[in-house]
Structures are given as structure tokens and as C-alpha cells.
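Notes follow the structure.
2 protein chains.
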Amino acid sequence: MDLTTAEENYLKAIYHLSDGGKKSVATNDIAAEMKNKPASVSDMLRKLGEKEVIEYRKYYGLQMTESGKRFALQTIRKHRLWEVFLVEKLNFAWDEVHEVAEQLEHINSALLIQRLDSYLNYPKFDPHGDPIPDEFGDVRARPRVHLNEMEINQTGQIVAVKDSSAAFLRYLDKVGAYIGARIKVLDKVEFDGSLEILVDQKKTLFMSKDVAGNILVQQS
Amino acid sequence: MDLTTAEENYLKAIYHLSDGGKKSVATNDIAAEMKNKPASVSDMLRKLGEKEVIEYRKYYGLQMTESGKRFALQTIRKHRLWEVFLVEKLNFAWDEVHEVAEQLEHINSALLIQRLDSYLNYPKFDPHGDPIPDEFGDVRARPRVHLNEMEINQTGQIVAVKDSSAAFLRYLDKVGAYIGARIKVLDKVEFDGSLEILVDQKKTLFMSKDVAGNILVQQS
DNA sequence: ATTTATTTTTAGCTATATCTAAAATAATTT
DNA sequence: AAATTATTTTAGATATAGCTAAAAATAAAT
Ligand SMILES: [Mn+2]
Ligand SMILES: [Mn+2]
Ligand SMILES: [Mn+2]
Ligand SMILES: [Mn+2]
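Residue numbers (the working numbering), protein chains in the order written: chain A, 181 to 400; chain B, 181 to 400.
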């Protein structure tokens, strides 16, 4: 069975919103994520139900099927492999890759992805620190905490960002934060939850609770 | 103005069938090339006419506009650059690339193509020996030689015949040579100038100097 | 338990891109 | 010149994927 580009995009959105197929997802939330209208989502859910990639009971929400999760992970795998390609081989900045990967992820060729994976040396994480599922859909996730939840003097390494909008990524670039940076929490302001962070043992920066909430850290 | 994937594919087909926009093209021939029906072509021609990438007078044929030629060359450029990428970087065989390039050529990102071109070291020809238009649509046409003038081990693609009599064409058909065939000169006989030719990397055939003198090859 | 508000679905419309069958036009043959 | 054949276009379907507006179902508030 084959999925259309639109169906692949919906499945990917549902996969993310449902936390890997665990939770049910609201029609309105899918519409917001996809930037289209709830009526369009309802119609698509009916179609995805017919293709048995979700189990859909109208008005009562949906569950991803095993088949649906596999499809979603396959698309996510392709998206992230292309992101690695764009950054590592074509010198894209990490905030320039998303739009293009959003298109490339729909190219349909098993051989292509196999060869791309090999060419990139079987990377395990994309430029935003997100794990790349293997060809069977298995993901090696590393435990992460949100930076705003860390305590004073705790240390770790930035491994991912929740918001990968160009604006946010450019901001991080500007202040000198990046995936892989070693950080230490120097201070937390009680009043607004903002933090003072030491980056790579040399640069100090201040960030709001909001910003820190979008940064994921692997503690050490 | 933006073109859909279908429109890009039609323009590309028209460009090739019209010999670079020089000749008019028949609806039936476009349908054959695109593997769809003449009725579908008529409808698309109307749409392409409205977008002014062709000048279309119904029942009387079409002419590509300058704008149309630019669009076609842009798509051809992308197709051929991706083919080079697949062969040079991902180790695809030259006969495995077409289907994938047919998809990749529709990815829409000026930066991507710019970077890809640079990454591949600004190649001038694709793996099939076809020239890659530059970003302005300029093509460096490869000079043609008569097959009887080629040296041992040289390779190329049959692009034309000087003698287009039925007899000659029937002969070419019979021995398995055709416009577009990739050939390699395996041997040349000093005595009479006859040649041993490898066609499409599989079939060997012998031909006289006379016959070879009527075949034009684009070297690669 | 009603009423009100929110969420979700359906109905009906638009646009793209294909198809088949029929009609219109052009080209060829008699 | 008329008839026949071939080519091309139009008319009317179907499928995908979006929309708005209205209806239906569920959830929340009084
Ligand atoms: Mn996408
Ligand atoms: Mn990513
Ligand atoms: Mn194509
Ligand atoms: Mn080619």
C-alpha cells in the first residue's frame, strides 16, 4: 500500500502530537499543526482510517496502528537523513534545512535511502539532535531534561531543541548555543525562572524560562 | 509564477519533443511521451497557454515561449544534476537513476540546487552524456562526430543519422542500433575501416566504414 | 437538567489532474 | 469535391485535497 504526500504529512504530524502513537490526538490540534482547517482534518482521518494506518472512531479520537507508526517512522527517518545530508554535505545551516527536508522526505525510493544512509555513515541523530529511526523503525532515544528544569550547578550537553523554527535556531546561533555544547547552570532567578548558563566553560549567557524550555539537555 | 509537478513534466516533454522549442509538437506525441491520453494533453495545453509558457492555438499546435524554455531548462538542469549526484556520490548505476531523478527534479529550492552544483564540482554533463544547462539555462552542446572517426575505447551516444532512408533505418533496427543508444568502439580494422561496437554495454556488432559514416555520435 | 459553548463532522464547492466517449476539426484518399 | 480517416478537443466522470457554512455530537456552565 502506498501513501500520498498529504497522507504522509498527516501521519507524521499525528505521530508527533500523539507522542509516538501513545496518546489520542484532537482534530483541532492536527489542524493547527498542519495549518489547515478542522473540516479538512476530519475528512483525512476518515481516509487514513480506511487505509488502516489509524483506528478512527468519529467524535472519539484516534489511535495509530502499528502499520501507521511504521509509515510515520519511515517518513521521519527520511526527513532526518536528508537534514544530515544538507548540513554535512551541502553546508546548510541547521536553521535552513527544514523546508527542503519537508519536500525530500516524500521521495520514494528504498535504494536511495539505503545509499544515503550509508553515504552519511549511518548517523544516529539529525542536526537538531533528534534520533534517526533505523530501517525497521527502531529509535535509540537518549534520556533528556528540559534546560529550565535543571538545578543550579548541574551540567550536561545540549542534545536537541523542541522548537526548530528558523527564528529560534538563529537566536541560539547568535548567543553561541548549539547541539553538542557543554553547559552548566550557574544561576536560576526565582522571580521569572530565567537562567544564567555557562557554555563550553567560557561563555556566559542569560536566557528566559521560555527559551530554556525549548532546549533539551542530556545530563552528565 | 510557480508551476505544478505535472506542468513541469509536460514542459520538459514538450521541450525535448520540440528539439529545444524549435519545432511544433503533436498532441498525440506528447500523450505517448507522457504515457497518458490525448484528451488529458489538450486540457493541459490550454492551461500551459494560460500561464504563457507556451503559445497555443488549438488544432494548430504550439510554440514554447522564452519563459517556457527557461522553466524547461531549469527542470532539466535539476534532473541531470541529481543524476550526477546519484551516480557519483551514491554509487547508482547509470540505468538506475532516471526514476529517482524524475522525482528529485521537482524539489523546489534555489539554494539546494546551487549547493548541489557546487558540491558536484559544476559538472557539465550527466551520466548519460547529456549536457547540464547552467543556472541561466545556457547549454554547452557537445560536438558530434561521425562514428567512423572515433578511436578505439571512445564512448558516446548515437544522436542522429545522416542517411534516413528506410533501408538504412531498417538495417539499424535489425542490428540493434538506434537514436539514443550508448556505444563504445571496441575495435577498428585497419584494412577496411570497419568497426566493432558495443551497444548499451551488452550487445556487440560489426559495421562497415560506410555505415559508421552515416551515424552521428555525441561523445562522452 | 437545561442551556450554552466547544469540538467535530457533514454537505457542498473549488482546483488539479487524470480518464472515456462523443463531437469537432484537419488531413488524406478517392 | 466529397467521403473517409486521423487528430484534436470538449463534455462529463472520478479521485485527491483543500475550503466555508451548517449540522451534529460532546463538554462545560448555570
Ligand atoms: Mn513533508
Ligand atoms: Mn530535524
Ligand atoms: Mn518528473
Ligand atoms: Mn540523463
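Beta carbons: idealized from backbone N, C-alpha and C, even for Gly.
- GLU188 (chain A) carries a helical assignment under DSSP once its states are collapsed to helix, strand and coil.
- Pairing VAL221 (chain A) with ALA290 (chain A), the inter-Cα distance amounts to about 29 Å.
- The straight-line gap separating the alpha-carbon atoms of TYR239 (chain A) and GLY393 (chain A) is approximately 33 Å.
- Under the Cβ criterion of 8 Å, VAL267 (chain A) is not counted among the residues facing chain B.
- Of the residues assessed, MET181 (chain B) falls on the exposed side of the cut-off, its CB having fewer than 16 other CB atoms within 10 angstroms.
- GLU376 (chain B) is bridged by DSSP to B:ASP367 and B:PHE386.
- Taking 8 Å as the threshold, the shortest C-beta distance from TYR299 (chain A) to chain B falls below it.
- Using a cutoff of 7 Å, the CB of HIS196 (chain A) does not count as near ligand 4, since none of the ligand's heavy atoms is closer than that.
- GLY336 (chain B) is positioned such that its CB atom lies closer than 8 Å to that of VAL397 (chain B).
- The nearest non-hydrogen atom of ligand 3 is 7 Å or more from the C-beta of ASN208 (chain B).
- Contact of ARG257 (chain A) with chain B by beta-carbon distance below 8 Å is absent, the smallest such distance being about 16 Å.
- With respect to the C-alpha of ASN328 (chain A), the residue from A:GLU188, A:VAL369, A:LEU352 and A:ALA211 having the closest C-alpha is A:VAL369.
- Membership of THR255 (chain B) in the alpha helix (DSSP H) is indicated by the continuous run 246-268.
- In this structure GLU331 (chain A) is not in contact with VAL379 (chain A), their Cβ atoms being roughly 17 Å apart against a cut-off of 8 Å.
- For HIS326 (chain B), the enclosing beta strand (DSSP E) covers residues 324-326.
- For SER289 (chain A), the C-beta contacts it makes with chain B under 8 Å involve GLU279, VAL280 and GLN283, in order along the chain.
- The beta-carbon of ASN328 (chain A) is placed no less than 8 Å from the nearest beta-carbon of chain B.
- SER374 (chain B) and ALA361 (chain B) have their C-alpha atoms some 19 Å from each other.
- Note that the segment 250-260 of chain B does not touch the segment 212-229 of chain B; fewer than 3 beta-carbon pairs, one per stretch, sit closer than 8 Å.
- If you compare the alpha carbons of B:GLU315, B:PRO311, B:GLY248 and B:GLN283 with that of SER298 (chain B), the shortest gap goes to B:GLU315.
- Counting along the chain, GLY360 (chain B) sits inside no beta strand (DSSP E), nor does DSSP assign it H or E at all.
- Within 9 Å of the CB of ASN271 (chain A), the CB atoms of chain B belong to ARG295, SER298 and TYR299, in sequence order along the chain.
- A distance below 7 Å between beta-carbons, with the five flanking residues on each side excluded, links PRO313 (chain B) to the following residues of its chain, in chain order: LEU253, ILE256, ARG257 and VAL319.
- Put simply, the CB of LEU292 (chain B) is near chain A, with a gap under 8 Å to one of its CB atoms.
- One alpha carbon belongs to VAL325 (chain B), the other to ALA340 (chain B), and they sit about 10 Å apart.
- The count of Cβ pairs closer than 8 Å, one atom from the segment 241-250 of chain A and one from the segment 192-205 of chain A, reaches three, so the stretches are in contact.
- Between GLU370 (chain A) and chain B, the shortest Cβ-Cβ separation is not below 8 Å.
- Per DSSP, ARG237 (chain A) is one residue of the beta strand (DSSP E) stretching across 234-237.
- ARG295 (chain A) and ALA186 (chain A) have their alpha carbons spaced roughly 25 Å apart.
- At a threshold of 7 Å, GLU268 (chain B) does not count as near ligand 4, since its beta carbon sits no closer than that to any of the ligand's heavy atoms.
- Bridge partners of GLN337 (chain A) according to DSSP: A:ARG362 and A:GLN398.
- With a threshold of 16 other beta carbon atoms within 10 Å, PHE265 (chain B) meets it and is buried.
- Around ligand 4, the residues whose beta-carbon falls short of 6 Å from at least one of its heavy atoms are B:ARG260, B:GLU263, B:ASP306, B:HIS308 and B:ASP310, given in chain order.
- For ligand 1, a non-hydrogen atom lies closer than 7 Å to the CB of ASN189 (chain A).
- Going by DSSP, GLN381 (chain A) is part of no alpha helix (DSSP H) at all; its letter is neither H nor E.
- The nearest non-hydrogen atom of ligand 2 is 7 Å or more from the C-beta of SER345 (chain A).
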